[in-house]
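First to last, the protein sequences are chains A and B. Position 124 of the first sequence, counted from 1, bears residue number 124 in the UniProt record's numbering, the numbering being contiguous throughout. Position 303 of the second sequence, counted from 1, bears residue number 303 in the UniProt record's numbering, the numbering being contiguous throughout. Where a beta carbon is used, it is the ideal one built from N, C-alpha and C, also for glycine.
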Amino acid sequence: MRLIIREDYEEVSENIANYIKERIRQFEPSSERPFVIGLPTGSSPISVYKKLVELYKQEKISFKHVVTFNMDEYVGLPRDHSESYHTFMWNNLFMHVDINPSNVHILDGNAPDLDEECKKFEADIARVGGIELFLGGIGPDGHIAFNEPGSSLTSRTRVKTLAYETIIANARFFEGDITKVPKLALTVGVATVMDAREVVILITGAHKAIALAKCIEEGVNHMWTVSAIQMHPKGLIVCDEDATLELHTVKYFKSIEHVHHSLIGSENLSLQGGVKQLKSVNNRPTTPME
Amino acid sequence: MEPKGKITKIVNGRILLDHKIVEDSYIWIQDGKIIDAFHSFFDNHQEPDTIIDAQGCIISPGYIDLQINGAFGYDFSEVDGPIEKLTQNIEFVAKGLLQFGCTSFCPTVVTSAPQVYSKVLPLLRHRPGNAQTGAEILGAHCEGPFISTAKKGAHDQTMIQSADDGIESLDRAYGPELLKGDTVRIMTVAPEITGILQVIPQLVQRNITVSLGHSAAKIDQAEAGVSAGATFMTHLFNAMNPFHQRDPGLVGILGASDLPAPKQPERHPLPSSTSPDGNRPDPRPFYGIICDGVHVHPNSVRIAYYSHPRGCVLVTDALAGAYLQPGIYQLGGRDVEVRGASGAYVKGTDTLAGSTVSIDHCVRNFKNFTRCTVVEALEAATLHPAQTLGIQDTKGTLNAGADADILFLNDDLEIQKVFVRGVQIELQ
């Protein structure tokens, strides 16, 4: 697992947006072999989407051959409700870029048979050959998507009852009226996310510090479902300084990045962290973190 | 879902939406209408077929002119000649107006004999706009004959009359078109004329916007006109008593503070900082004002505007000589000298015969006179006239559901592109 630490929310978002841009560019997607990406909603990824839109307007990225699968959607909310995740994705990404509507997959919270809808979603993912990169955030309780503490780490797309805390937290988007907040949601499972060939998690803010520490410095545990990333061959977490406040291993991860850039050279690193060749190691820095 | 037409997306513009200029939004057009692309994206899986780059232009709804007597040498009240010729003339004007960003208008007929109305009103029925045939005709503005002789301006005194027999007097004067819902959209009347106050509610019933003008009304009579249901005022300051401190007359309506709650709230201006109740439509009516810098002094425009900003409607009151090359023309049986945009004058004198200003020029002048914002200047020529006629669902805005009558403007509010029902027209 790689952990990249940046100064603040903006830098983290910049890093992730550029990473996604480069991944798509190096993948060279086509209509037969599209780039399949999993996407989150919520306040965390808003700046990432903003930067992706900027990159699109600068013609540095195209969504023409990108297929998207969103993580979740409320049950029973009209699709065009201002708080639906369809509305969120439209306003933050889809309306700005050149994505093909047929390549967009968001769970339908108004499907007549919710279980069928979930099975169909999993089948759609399989049909396009699986997800190349799944981008996600983390809740203060370490959950990914709506896989709240206690969710099985082998779970797949299914209907979930929202935790009481989540409903309270969401009430601010429904005029403060708890009765208006959806109680059920459709969500991808932990295993659905971990099945992706790469998982990228965005974690910013001091209120996520404990969750980050639990997920990467302690055991794989269904109480902190993002911890499943420890079992993934290609996990990447990008966080800001505040989110590292509970980590013991900050120095360790920072030193790795330092070694990469000063001793190996970023030009010798592949995008996903592999080393292409070693530079000469004679020019050692005199202090560890020069 | 039935197959729908091609979708055009306008990007890279600064769009007038929801009383603001918005930068990170777009406009989607389909089948001549502005659409909410959310539905075509998720429901129909439709992508835009064409993308138009507005290159940073300000994007505004097309301008709406509620008072224009003619242009390019043609007069809507002049009915000599065969119907085909008159129809051609009207279409010539409708086409020419597009060049100034005017995508909808109310052809105005001045005080005339019944024969004139019965001949010309059927030609001025509502007709949709089209890039080939010209700006949308919203219906006629009948200015007179139920006006004040003292404030007739250039109208024919012999045709001026009062409504002694109530609504029957009007039906006799205008003919059967007055009963058709899509012919007469605005009527200018003087509230002090016999029978008019009683007739106003019946006109409102027929979906006619009643406008007070060409009147010598005192402030009480003026307010009575508004209470009876008038929701517009015809070219504020012109053809009415000048403002007097003890009897402000029609102009004084802008200072009215205890008008009754509007009977038609959706035909009244949105509340502003000068409205009695910030949460309810303003009880004062809309008011047309000519911003050629000649009919009304810029300072007067500014005073009117800041006393009642959301009621302001820009009108040209252009006459037949408008938009012709400067020179002498025979118009309405008189020799008139057209002096470019600064008006037309009775030949050899400095007596104003009419306005020659274009609506886009009015918008620029208005912004300079009042130092208002771009949003306010544009809304005075788009949203406010649409609200006056109660057509703001389809005109005067860039909201989903509106007709795709769209202008691209530069920072000086000069016209760069004009679209009528989603089709771009060629600018000369």
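- Unbroken beta strand (DSSP E) stretches of 3 residues or longer found wholly inside the stretch 115-142 of chain B: none.
- Taking 9 Å as the cut-off between beta carbons, the residues of the stretch 92-110 of chain A near chain B are Phe94, Met95, His96, Asp98, Ile99, Asn100, Pro101, Ser102, Val104 and Ile106, in sequence order.
- DSSP, read as helix, strand or coil, puts Ile200 of chain B in helix.
- Boundaries for Tyr329 of chain B: no alpha helix (DSSP H) harbours it, while the beta strand (DSSP E) harbouring it runs Gly327 to Leu331, taken from the DSSP string.
- Comparing alpha carbon positions, the residue from B:Tyr117, B:Ala228 and B:Met159 closest to Val184 of chain B is B:Tyr117.
- Proximity of chain A to Phe366 of chain B at the Cβ level (cut-off 9 Å) is not reached, the minimal Cβ distance being about 33 Å.
- A direct Cα-to-Cα measurement between Ala206 of chain A and Leu245 of chain A gives close to 7 Å.
- In this structure, the CA atom of Gly129 of chain B is about 55 Å from the CA atom of Arg156 of chain A.
- For the stretch 61-93 of chain A, the set of residues with a beta-carbon nearer than 7 Å to any beta-carbon of chain B comprises Arg79, Asp80, His86 and Trp90, in chain order.
- Taking one beta carbon from each stretch, the stretch 212-231 of chain A and the stretch 172-186 of chain A have fewer than 3 pairs nearer than 8 Å; the two do not touch.
- Contact check between the stretch 344-355 of chain B and the stretch 81-99 of chain B: fewer than three CB pairs, one atom from each, fall below 8 Å, which does not count as touching.
- Around Tyr74 of chain B, the same chain offers Asn89, Ile90, Phe92, Val93 and Ala320 as residues with beta carbons nearer than 8 Å, after the five sequence neighbours per side are excluded.
- With respect to the 9 Å criterion, Leu202 of chain A and Gly139 of chain A are not classified as neighbours on the basis of their beta carbons.
- As the crow flies, the alpha-carbon of Gln264 of chain B is around 11 Å from that of Val226 of chain B.
- Taking every protein chain shown into account, the CB of Gln67 of chain B has 16 or more other CB atoms within 10 angstroms, so this residue is buried.
- The Cβ neighbour count for Ala386 of chain B, taken over all protein chains shown within 10 Å, is at least 16; the residue is labelled buried.
- Residue pairing of Pro61 of chain B in beta bridges, as defined by DSSP: B:Ile406.
- Put simply, the CB of Asp18 of chain B is far from chain A, with every gap to its CB atoms at 9 Å or more.
- Counting along the chain, Ser162 of chain B sits inside no beta strand (DSSP E), nor does DSSP assign it H or E at all.
- By the Cβ criterion, the stretch 99-115 of chain B is in contact with the stretch 56-65 of chain B, since at least three pairs of Cβ atoms, one from each stretch, lie closer than 8 Å.
- Residue range Ala209 to Glu217 is occupied by the alpha helix (DSSP H) that includes Cys215 of chain A, with no beta strand (DSSP E) assigned at that position.
- Around the C-beta of Thr161 of chain A, fewer than 16 other C-beta atoms lie within 10 Å, and the residue is accordingly described as exposed.
- Taking all protein chains shown into account, Tyr252 of chain A has fewer than 16 neighbouring C-beta atoms within 10 Å of its C-beta and is therefore exposed.
- For Ala37 of chain B, the C-beta contacts it makes with chain A under 9 Å involve Trp90 and Met95, in order along the chain.
- Taking all protein chains shown into account, Leu179 of chain B has fewer than 16 neighbouring C-beta atoms within 10 Å of its C-beta and is therefore exposed.
- In its chain, beyond the 5 residues on either side, Gln157 and Ile160 have a beta carbon closer than 7 Å to the beta carbon of Thr149 of chain B.
- Excluding residues up to 5 positions away in sequence, Ile10, Gly13, Arg14, Ile15, Leu16, Ile27, Leu398, Ile406, Leu407, Phe408 and Leu409 lie with their Cβ nearer than 8 Å to the Cβ of Ile59 of chain B in the same chain.
- In the structure shown, Lys85 of chain B adopts helical secondary structure according to DSSP, grouped into three states.
- Here the alpha carbons of Lys395 of chain B and Phe419 of chain B stand approximately 13 Å from one another.
- Excluding residues up to 5 positions away in sequence, Ser227 lie with their Cβ nearer than 6 Å to the Cβ of Pro260 of chain B in the same chain.
- For a Cβ distance threshold of 9 Å, nothing in chain A lies close to Glu379 of chain B: the least Cβ distance comes to about 25 Å.
- For Phe42 of chain B, a Cβ of chain A is located within less than 9 Å of the residue's own Cβ.
- With a threshold of 16 other beta carbon atoms within 10 Å, Gly343 of chain B meets it and is buried.
- Met187 of chain B carries a strand assignment under DSSP once its states are collapsed to helix, strand and coil.
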